[in-house]
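In the UniProt record's numbering, the protein residues as written are 1 to 104.
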């Protein structure tokens with residue numbers, strides 16, 4: 001008997017190349033997750049409450065600022081009425097009666 005040389009079997013190698021291939025699917029499937037509506041609803045309700053509180057605080061701050069401005073405007077306008085006269089007196093226009101006392 002003789003020596004059997006290691007020969008590559010072309011027929012089996014070609015068959016393996018034909019059948020075993022890394023085929024890439026053109027369509028990929030993504031995993032479908034369960035919808036958790038109750039958790040999302042609770043989360044949105046919490047956010048709504050936070051936004052409502054913020055809006056309420058903003059409105060209160062705006063009202064307080066308006067009230068302060070109105071109060072200051074009233075005080076300033078009354079001080080202006082007491083301190084300054086808009087129309088000059090007759091004595092200031094004509095110059096007569098400046099030196100007359102009220103008690104006379």
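The C-beta atom is built at its ideal place from N, Cα and C for all residues, glycine as well.
What are the boundary residues of the alpha helix (DSSP H) that includes residue i?
i, result
"residue 18", "10–19"
Only counting the same chain, and skipping five residues up and downstream in sequence, which positions put a Cβ closer than 6 Å to that of residue i?
i, result
"residue 59", "none"
"residue 52", "none"
Measuring only from the beta carbon, is residue i closer than 6 Å to any heavy atom that is part of the ligand NAP?
i, result
"residue 34", "In the structure shown, the ligand NAP is absent, as is every other ligand, since no ligand is present at all."
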